[in-house]
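Count the sequence shown with this note's numbering and you get residues 66 to 660, in order.
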Amino acid sequence: MKKAKRNVNCSKFKLSLPPGQPYTGKKLKAVRRRPAARLHPVFFALFDVLGLSLKRLLCSVCSVLLFSLNAGAQNLAPNPSFENFNACPTAVSQIAEPLVSPTVLDWHRPTWASTDYFNSCSTGTVSVPDNAFGSQQARTGNAYVGFYSEEYREYIEGRLLAPLAANHRYYVSFWLNLSDGDYTGRAVDQFGAYFSADSIYNPLTTEFLPVVPQVVSPVGQVYKDRINWEAVSGTFTAAGAERWVTLGNFTSQANLNIETVPSMWPGQAYYYMDDVCVLDLDSTVPQNIVIHDTLVCPGVSVDLRGRRGYTEYIWDDGSTGMSRSIERSGSFWVRTIDKANCALYIDSFYVTILSSNVKISPDDTSICIGDTIKLVASGGVTYHWKDADWMFAQGAEATVWPRAQTTFSVTAIDALNGCLFEAQATVRVNPLPMVNAGKDINLAYGESTHLNGQASGTFMWYYDVGNPYILRPEVRPSRTTTYYLRATSADGCTAIDSVVVYVIDIRVPNAFSPNGDGLNDVFRLFRTADDGVGPFGFSIFNRWGESVYSSSDFKGGWDGTYNNKPADPGSYFYYIKYYIGSKEYVLKGEVLLIR
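Below you can see the structure in the form of C-alpha cells.
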C-alpha cells in the first residue's frame, strides 16, 4: 500500500518594531505563510515514536532562528507569554510531560503534578479571562498558565533559547496573580526560578522540588493580589551552560509564610503566571545603547542617571540606584531594566575630568636662604595668590624669599575650559655653608702670617694668597689687606667671610723745624694703622743724655722745647718701643732740630 504523503506548514515570521524600540521578546505575529515543505517519511516515523509534533519542532526552529537575529539582550525565555500553542486547551491539566505538549508550545511540567494552560481561544474551564479557577485578564496577550503552590506543588519548565554564559549576570522575572476563585483560600511567599543544564523530570512526585533556585522572592513577601499582576524578579550570575528554567515554589510547606484570604472554600494557593523574562545583563544590543560624553571640572561631582520611568537599575559597580555620583574620569554604565516589557536599556558614560592649564613656573625649585625668586603663573584669565609670608604678588607674578620650605598657591579661571583651578609651587630653602675667615690680624710691615679659616663644602681664598685651597695659607701683605674666604655647599649655596690683615708700619721723620710757621713744627710719628699697636713708649734725648721729651700717646709729639724753653738746634736721639700683639718692637735713631 502506498503511504499517504504528509504536508507540514511552518509560519514565516517577520519582526516589526518602531525605530529605536528595543526588542522585548514578546510574541511575534505571523504575516505570511510559505508553501508546504515535504519531508521523507522516515522523519515522520521518528517523530511519531518520540511523541513529538513535527509542526511544533519546525515552528520552534523558525522562532529560534528569528530570535537569533536579535542576539544579546533578547528574552531567552521561550514563548514567554505562552501565546504560541499546538492546540487550544479544552480542559485543565493539559500541560504535559517533557517532549509532549498538546497545548502550549515550548513548556512542559517536570513532575506528576499537572500544570494548567489558559487561553482565550478556549471556552469553559480553561478560557481567559473566565475559567475554573476565577477570572483574570492575561497580563499581555491572550494566555497564561496556572499552578498550585502549597501542599500540592505544580511547576512549569522550558528550554531557553540559548545556554547561559558563564559569569554573565542575568535578570529574571515572571508575573503572578492569585486566583480569585472560590477554591483559593490561601496565599504564600518565596516563588523562584531554577536554572539547570539538564531538564528536571521527576514523574513520581507532586510535592516541592528540593532544589535551590538562583532567583527567589523575599521571605515574607506574600503574593495575594487578586486583581493586579505582581512580579517576581531578581538577578544572578550564571555558572555557564544552563539551558533549562523551572518556575514555581521551591520552599517546603513548613518554611512557607501562608496567609488566609477570603474564599468560599479553604482551598490551597493557586496562581496564574504570565510573561517570563530572562535577560543577559552583560550582553549588548546596538539599538539599546546610548553613549554619553561628559566633561567635568575638578572637584565637581556629576550625577549619572539611568533612564527615567523605571525602577530597576544595575551599575557597573553593583549598585542599584537610579543615579550615581562620580568625581573621577573613567567609563561607567548602567543597565535599566524595563520590567513591564522585559527590555534592557544600556547607557554608557564617558566622564572626563578636565585637566588644568594653569601652572606656576618654576613649580618645584630650591633657593639658598636669603635669596629671592620670581614665580610666574600662566594659563589663566585672572589670578589670586594665597597670602603667605615672604611674598609680594601682583597679577601673574609673585616674588618670594622664604626662610623655610614653603608651598605657594594661586587660583585662576582656566583660559581654555573655564574651570577654576589651583596651581602650586614648592620652594625649598637650602642652608648656607659654614664659613669663618678668622679674626683680623695686626702685622708689622715686612712680616708674614697665616690666615686661620674654617669652612664646609668646597672653599677658596681671595686674593693674593699663595695657596687659596687650604684653610691656613701664608700671606705677606705690603699694606693692610682684606682676604675673603668663599665656601660652596653641595646644593650650590655660597657664603663668604672676610679677614683684615692690618700692616703696621711706623715711620719716623729725620728733621723738624719748630719755628711757628705751621709747617713741620712738631716732631711726631706716622703709622699706617690707627689700631693694633699695644703698649707704646716714645722718648727723645739730647746729646748729654738728658730726656727732653717722653710720651705714651702715639698721637703726641715734641714741639722742640725743653723746660718750657726752645731747645737748641742740633741732633737729638729718639727711642721708641711698642708691641703688636705680644711681640715687642724697638725703633731708635737721630732727628735734626732746625731753627
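A virtual CB, placed ideally from N, CA and C, is assigned to each residue, including glycine.
{"Check": "Three-way DSSP call (helix, strand, coil) for Q333 in this model", "Outcome": "coil"}
{"Check": "Residues that DSSP places opposite I478 in a beta bridge", "Outcome": "L485"}
{"Check": "Sufficient close CB pairs (3 or more, under 8 angstroms) joining the stretch 420-431 to the stretch 250-265", "Outcome": "no"}
{"Check": "Residue burial classification, S238 (beta-carbon count within 10 angstroms, cutoff 16)", "Outcome": "buried"}
{"Check": "Y528 versus K504 - alpha carbon distance", "Outcome": "17 angstroms"}
{"Check": "Residue nearest to V280 in terms of C-alpha spacing, selected from T311, T271 and A306", "Outcome": "T311"}
{"Check": "Element boundaries [beta strand (DSSP E), containing T300]", "Outcome": "E295 to T302"}
{"Check": "First and last residue of the uninterrupted beta strand (DSSP E) at W450", "Outcome": "G445 to W450"}
{"Check": "Outcome for M525 when other beta-carbon atoms lying within 10 angstroms are tallied against a minimum of 16", "Outcome": "exposed"}
{"Check": "Where Q459 falls: helix, strand or coil (DSSP)", "Outcome": "strand"}
{"Check": "Three-way DSSP call (helix, strand, coil) for F319 in this model", "Outcome": "The sequence given here has Ala at residue 319, not Phe. DSSP places A319 in helix when its eight states are reduced to three."}
{"Check": "Bounding residues of the beta strand (DSSP E) (the contiguous stretch that carries D529)", "Outcome": "Note, D529: premise wrong, no beta strand (DSSP E); not H, not E."}
{"Check": "Boundaries of the beta strand (DSSP E) in which K620 is found, first to last residue", "Outcome": "No beta strand (DSSP E) holds K620; DSSP gives it neither H nor E."}
{"Check": "Distance, D454 Cα to P542 Cα", "Outcome": "47 angstroms"}
{"Check": "Inter-residue spacing [alpha-carbon to alpha-carbon] between L440 and A461", "Outcome": "8 angstroms"}
{"Check": "Assigned secondary structure, N628 (DSSP; H/G/I helix, E/B strand, else coil)", "Outcome": "coil"}
{"Check": "Cβ neighbours of C153 in the same chain (closer than 8 angstroms, five flanking residues each side left out)", "Outcome": "T168, N184, C186 and S187"}
{"Check": "Counted within 10 angstroms of its Cβ, other Cβ atoms place E307 as buried (16 or more) or exposed", "Outcome": "buried"}
{"Check": "Rounded separation between K451 and T476 - CA only", "Outcome": "8 angstroms"}
{"Check": "Proximal residues to Y627 (C-beta, below 6 angstroms), its chain only, five neighbours per side dropped", "Outcome": "V613"}
{"Check": "Residues near L508 by beta carbon distance below 6 angstroms, same chain, minus five either side", "Outcome": "T514, V566 and V568"}
{"Check": "N144 and L344 closer than 8 angstroms at C-beta", "Outcome": "no"}
{"Check": "For V500 and V656, the rounded distance between their alpha carbons", "Outcome": "49 angstroms"}
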